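See structure below.
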Amino acid sequence: MSAKNTGSLSTAAQAKERRPGRPRGGAINAEQREHLLTIALTLFAEKGIAETSLNAIARKAEVSAAMLTYYFQSRESLLDIIITERFLPLRHDIAAIFDQHADDPRTALTLILEKMIETAEKHVWFAPLWMQEMASGESIFRQRLKAKHGDNERQKVVAIIQKWQQEGKLNADLEPALLMSSLISLILVPLVQLRTTGAHPGFSGADVLRHATAMISNGFLNSR
Numbered sequence: 283m284s285a286k287n288t289g290s291l292s293t294a295a296q297a298k299e300r301r302p303g304r305p306r307g308g309a310i311n312a313e314q315r316e317h318l319l320t321i322a323l324t325l326f327a328e329k330g331i332a333e334t335s336l337n338a339i340a341r342k343a344e345v346s347a348a349m350l351t352y353y354f355q356s357r358e359s360l361l362d363i364i365i366t367e368r369f370l371p372l373r374h375d376i377a378a379i380f381d382q383h384a385d386d387p388r389t390a391l392t393l394i395l396e397k398m399i400e401t402a403e404k405h406v407w408f409a410p411l412w413m414q415e416m417a418s419g420e421s422i423f424r425q426r427l428k429a430k431h432g433d434n435e436r437q438k439v440v441a442i443i444q445k446w447q448q449e450g451k452l453n454a455d456l457e458p459a460l461l462m463s464s465l466i467s468l469i470l471v472p473l474v475q476l477r478t479t480g481a482h483p484g485f486s487g488a489d490v491l492r493h494a495t496a497m498i499s500n501g502f503l504n505s506r
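Numbered per the working numbering, the sequence shown finishes at 506, counting up by one with no gaps.
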């Protein structure tokens, strides 16, 4: 066998060995990983999770689809990482607020509003993604969140809300199972409107928080 043929076989063998392994360029670092997750979240917020493929994320990030597939395997696997790293900490924080202020609904609900505005102001993708997925009847996000992490924290929150109602600390006509989604919507719906339509120029997150806080404190009508 000629040296030329030997070299060709060697090159082919190397390519065959490399094919299932890590893409060229080595492992991504923490900063690159964060960048890819942010791009994925931004596209999920713009187009919806169901309409966003790994290929679309790779194109936006200007990396190869092979690299993205190697590190995240699939869109569903990537979504699991996002849920674990971006949304579960928020859910834990909200549950902790309820636990720490289980005897004081006004403080608990006010702190939750503040937490939501803080999160939405820090991450521009948060409000549109949350609203889009919560409004979807076939939400991939909700399905995977519940399947992977259960519903225990939500049930504990509902139980605390019911306790407040039994103690006369909260309006008995409120539906406990709907209270959290209603509360979150007080923050996120106006923020999405402000950012996507440009309505009410000059309004800020602080204005949205003040408005929402007034609504849970006093409602629409002044007492007489």
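We treat Cβ as the ideally placed atom computed from N, Cα and C, and that holds for glycine. Model, not experiment: these values are computed from the prediction.
DSSP places Ala343 within a helical segment (H, G or I) once states are collapsed to three. Approximately 6 Å separates the beta-carbon atoms of Phe423 and Ile331; this is inside 8 Å, confirming the contact. Taking 4 residues as the shortest admissible run, the segment 347–379 contains the following complete alpha helix (DSSP H) segments, listed from N- to C-terminal end: 347–354 and 357–364. With contacts defined by Cβ atoms closer than 8 Å, Met413 and Val474 form a contacting pair. Counting along the chain, Pro483 sits inside no alpha helix (DSSP H), nor does DSSP assign it H or E at all. Counting every other CB atom within 10 Å of its CB across the protein chains shown gives Pro483 a total below 16, marking it as exposed. Ile339 has its alpha-carbon roughly 44 Å from the corresponding atom of Phe502. The Cβ atoms of Arg426 and Leu361 lie closer than 8 Å to each other.
Here the alpha carbons of Glu316 and Leu491 stand approximately 28 Å from one another.
The DSSP assignment places complete alpha helix (DSSP H) segments of no fewer than 4 residues inside the segment 416–502 at 422–431, 434–448, 458–479 and 487–500, in order along the chain. The segment 371–389 makes contact with the segment 436–449: 3 or more CB pairs, one atom from each, lie closer than 8 Å.
Looking at the backbone, the Cα of Thr324 and that of His405 are separated by about 9 Å.
The C-beta distance from Leu395 to Thr495 rounds to 6 Å, short enough to fall under 8 Å.
Rounded to the nearest whole angstrom, the CA to CA distance from Lys445 to Ala454 is 10 Å. Residues of the same chain with a CB within less than 8 Å of the CB of Thr478, apart from the 5 flanking positions on each side, are Pro410 in chain order. A check of alpha carbon separations from Thr366 across Ile399, Lys430 and Met462 identifies Lys430 as the nearest. When DSSP states are grouped into helix, strand and coil, Ile331 belongs to the coil group. In this chain, Ala384 is not harboured by any alpha helix (DSSP H), its DSSP state being neither H nor E.
Burial is judged here by how many other beta carbons sit within 10 angstroms of a residue's own beta carbon; Leu350 has at least 16 and is buried. Judged by DSSP in its simplified three-state form, Asn311 adopts coil rather than helix or strand. Per DSSP, reduced to three states, the secondary structure at Trp412 is helical.
Between Glu449 and Leu460, the alpha-carbon positions lie close to 19 Å from each other.
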